[in-house]
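Take a look at the structure set out below.
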Amino acid sequence: MTTLHDFTLPSIDGQDRSLKDLEGQVALVVNVASRCGLTPQYEGLQHLHEEYGSRGLAVLGFPCNQFKGQEPGTEAEIQTFCSSTYGVTFPLFAKVEVNGRGRHPLFAWLTSQSTEPEGAGDVQWNFGKFLVGKDGAVRARFEPTVPPDDAALVAAIERALSE
């Protein structure tokens, strides 16, 4: 069975990162963009990272330029924007495609999972959220408009951390 831990992707600084390193941790995988109406969600994602990181939550940001070209910058520009504007310290990865023919295998796997409250299918916009349990299986999926401090998302994180 495929899990999150089976994937290796380049980090935003170009170093390959095996997600196997996340075994035993809960992960929140989010496709992100710097020029989107939802971009202020970076602040809430950083808060989740700070609040739950010591308990085993890893927030993972995957820049994507597939939605109206809202992530046009280079990896260096994205990293600078995120750290200087929102104080982001959680891991960011190199740009990926989350839909279509060029969809990264990680997102092909994530979007194929039957989950609640949002089910399987294409990522609808920037800031789609996939919650992955300690075992690497998808536990929940939340629409882009669900903010990081949403009660249902926080409750799902708490449940996954307690498993």
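Quick note: the sequence shown uses this note's numbering, first residue -5, plus one each step. We put the beta carbon where it would ideally sit given N, CA and C, even for glycine.
- For Ala70, the enclosing alpha helix (DSSP H) begins and ends at 69 to 80.
- In the three-state reduction of the DSSP assignment, Val148 falls in the helix class, which pools H, G and I.
- For Val23, the closest of Val132, Ala146, Gly113 by C-alpha to C-alpha distance is Val132.
- Segment contact: the segment 101 to 111 against the segment 122 to 132, three or more CB-CB distances shorter than 8 Å; contact assigned.
- Rounded to the nearest whole angstrom, the C-alpha separation of Tyr80 and Leu100 is 26 Å.
- If you check the CB distance, Val26 and Leu42 do not come in under 8 Å.
- A residue is called buried when at least 16 other Cβ atoms come within 10 angstroms of its Cβ; Ser28 meets this threshold and is buried.
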